[in-house]
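J.: The sequence shown begins at 737 in the numbering used here and counts up by one.
My questions will all concern the structure given below.
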Amino acid sequence: MKNPVKHSVTRHGRMILSVLFLFAAGQAFAQQPPPPSDQEPMPNAQAEERDPWEGWNRQVHAFNEFVDDWFLRPVAQGYRFITPNVVDNAVTNFFTNLGELNNFANSVLQLKGESAVVALGRFTYNTTFGLGGLFDVGTAFGLPERPEDMGQTLGYWGIGSGPYLVLPFLGPSTGRDFGGLAVDLTVMPSTWDYIESPENYYLRALQLVDVRADLIPAESFMSGDSYTFVRNAYLQRREFLINDGEVKSDPFASDDEDLMLEDF
């Protein structure tokens, strides 16, 4: 039986490191290769509707870039330099496998029976035959990952995204996604709950560095205004996930961009 005090402390620590991890995930959108686009500048009315807090968002975006440039990215570069590819892939697979329980729970809440079975099957195969998740045998068995989170669940049930929002350290978000994140970290079941301290802190730190390191190869594709790119990529990526690959009309994106989302 879990000690309630110890469990509470563990969850609190997990939340803190999750915030740091999500900063790296948020910075991912600044590093994805921009799809070619011939779209005209977006009308001011459309921009104000989806991004009414652009002044605040740009300031926070600049702060997040500063933290990444001076702290996170140098560490990720060192990790990438000393870590063999096979080890790097194993680390990424391990952390992906830990997230399958959350994928399963949110798939159930969205009444997606097939996705729930895929998440459960992936966790079972990868944990059992993949040496604790170090090898992604689930994909080899025809079960590719189907990421689901509470933000997607809220969107599935018709909750609007709300305005675009950039948060310190957390990076790009919306009102809906930020609320969903809070639920995922505090309420939803997680495999992380069963990892004792201080190991969970070390693993979260490793996950943060691993995610950031995996983004480095895509940096050369970045062009134009980084804030606009991050906003466009994030909003369309979220729509892509919520609609299971069916992207609807987006004032921030062109038809050419829609074709690139599966590669993100």
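Think of the CB as a built atom: it goes at the ideal place given N, C-alpha and C, for glycine as much as any other residue.
Everything numeric in this text was worked out from a predicted model, so none of it was measured.
(1) How long is the line joining the alpha carbons of PRO925 and PRO953, rounded to whole angstroms?
(2) My output table needs one value for LEU879: the three-state DSSP class, helix, strand or coil.
(3) Name the residue from ARG858, TYR930 and ASP824 whose alpha carbon lies nearest to the alpha carbon of VAL873.
(4) Flag this pair as yes or no: are the beta carbons of MET886 and VAL919 separated by less than 7 Å?
(5) At which residues does the alpha helix (DSSP H) containing VAL854 begin and terminate?
(6) Could you compute how far the alpha carbon of GLU850 sits from the alpha carbon of ASN839?
(7) In terms of DSSP beta bridges, what is LEU901 paired with?
(8) Helix, strand or coil for PHE976? Go by DSSP, reduced to three states.
(9) Could you tell me the distance, in whole angstroms, from the CA atom of GLU982 to the CA atom of LEU847?
(10) Pick out whichever of ASP929, LEU917 and VAL945 has its Cα sitting closest to the Cα of LEU903.
(11) Distance, Cα to Cα, GLY814 vs GLY960?
(12) In or out: PHE802 buried (at least 16 other Cβ within 10 Å) or exposed?
(13) Using a Cβ distance threshold of 8 Å, determine whether the region 782-801 contacts the region 925-934, with at least three qualifying pairs required.
(14) Kindly list the residues whose CB is nearer than 6 Å to the CB of THR889, restricted to its own chain and excluding five residues on each side of it in sequence; keep chain order.
(15) Here's a check: name, in chain order, each residue in its chain whose Cβ is nearer than 6 Å to the Cβ of GLY891, leaving out the five neighbours to either side.
(16) Measure the C-alpha to C-alpha separation of ASP980 and TRP893 and round it to an integer number of angstroms.
(17) Please give the ranges of any alpha helix (DSSP H) in the region 886-971, keeping only runs that are unbroken, at least 4 residues long and fully inside the region.
(18) Does the Cβ of ALA876 have 16 or more other Cβ atoms within 10 Å, making it buried, or fewer, making it exposed?
(19) If you check the beta carbons only, do ASN936 and LEU870 fall under 7 Å apart?
(20) Please classify SER956 as buried or exposed, where buried requires at least 16 neighbouring CB atoms within 10 angstroms.
(21) Please classify PHE830: does DSSP put it in a helix, a strand, or coil?
(22) Assuming GLY907 and GLY898 are in contact, meaning their beta carbons sit under 8 Å apart, how far apart are those beta carbons, in whole angstroms?
(23) Mapping the DSSP letters down to three states, classify LEU837 as helix, strand or coil.
(24) How is GLN813 classed by DSSP in three states: helix, strand or coil?
T.: Quick answer:
(1) Within the sequence shown, the letter at position 189 stands for residue 925. Within the sequence shown, the letter at position 217 stands for residue 953. Distance between the alpha carbons of PRO925 and PRO953 is about 33 Å.
(2) Taking the sequence shown and counting its residues from 1, the one referred to as residue 879 is at position 143. It is coil, neither helix nor strand.
(3) Your numbering for residue 873 matches position 137 in the sequence shown. The option with the nearest alpha carbon to VAL873 is ARG858.
(4) Here residue 886 refers to the residue found at position 150 when the sequence shown is read from its first residue. Here residue 919 refers to the residue found at position 183 when the sequence shown is read from its first residue. In this structure, VAL919 lies closer than 7 Å to MET886 by Cβ.
(5) Taking the sequence shown and counting its residues from 1, one reaches residue 854 at position 118. Its alpha helix (DSSP H) spans residues 849-864.
(6) On the sequence shown, position 114 is the one that residue 850 refers to. On the sequence shown, position 103 is the one that residue 839 refers to. Taking the straight line from one Cα to the other gives about 12 Å.
(7) Along the sequence shown, one-based indexing puts residue 901 at 165. Note: LEU901 sits in a beta bridge opposite SER909.
(8) For the purposes of this step, residue 976 is taken as the residue at position 240 of the sequence shown. Of the three classes helix, strand and coil, the one that applies to PHE976 here is helix, per DSSP.
(9) For the purposes of this step, residue 982 is taken as residue 246 along the sequence shown, with counting starting at 1. For the purposes of this step, residue 847 is taken as residue 111 along the sequence shown, with counting starting at 1. Going from the Cα of GLU982 to the Cα of LEU847 covers about 18 Å.
(10) The residue given as residue 903 occupies position 167 in the sequence shown. Nearest of ASP929, LEU917 and VAL945 to LEU903, Cα basis: LEU917.
(11) Locating residue 814 in the sequence shown gives position 78, counting from the first residue. Locating residue 960 in the sequence shown gives position 224, counting from the first residue. Those two C-alpha atoms are separated by around 27 Å.
(12) The residue given as residue 802 occupies position 66 in the sequence shown. The residue in question, PHE802, is exposed, as its Cβ has fewer than 16 Cβ neighbours within 10 Å.
(13) no
(14) Stepping through the sequence shown from its first residue, residue 889 is reached at position 153. Around THR889: ASN842, LEU845 and GLN846.
(15) In the sequence shown, counting from the first residue as 1, residue 891 sits at position 155. Excluding residues within five positions, the ones whose Cβ falls inside 6 Å are ILE978.
(16) Your numbering for residue 980 matches position 244 in the sequence shown. Your numbering for residue 893 matches position 157 in the sequence shown. Cα to Cα, the separation comes out at about 14 Å.
(17) 886-892, 911-922 and 935-951
(18) The residue you call residue 876 lines up with position 140 of the sequence shown. ALA876 should be labelled exposed.
(19) Position 200 of the sequence shown, counted from the start, is the residue given in the question as residue 936. Position 134 of the sequence shown, counted from the start, is the residue given in the question as residue 870. No, the pair does not count as a contact, with Cβ atoms beyond the cut-off.
(20) By one-based count along the sequence shown, residue 956 stands at place 220. The residue in question, SER956, is exposed, as its Cβ has fewer than 16 Cβ neighbours within 10 Å.
(21) Here the question's residue 830 lines up with position 94 in the sequence shown. PHE830: helix per DSSP, three-state reduction.
(22) Along the sequence shown, one-based indexing puts residue 907 at 171. Along the sequence shown, one-based indexing puts residue 898 at 162. No, GLY907 and GLY898 are not in contact; Cβ-Cβ is about 16 Å, not under 8 Å.
(23) On the sequence shown, position 101 is the one that residue 837 refers to. Looking at LEU837 - three-state DSSP - the assignment turns out to be helix.
(24) Along the sequence shown, read from residue 1 onward, the residue named residue 813 stands at position 77. Helix at GLN813.
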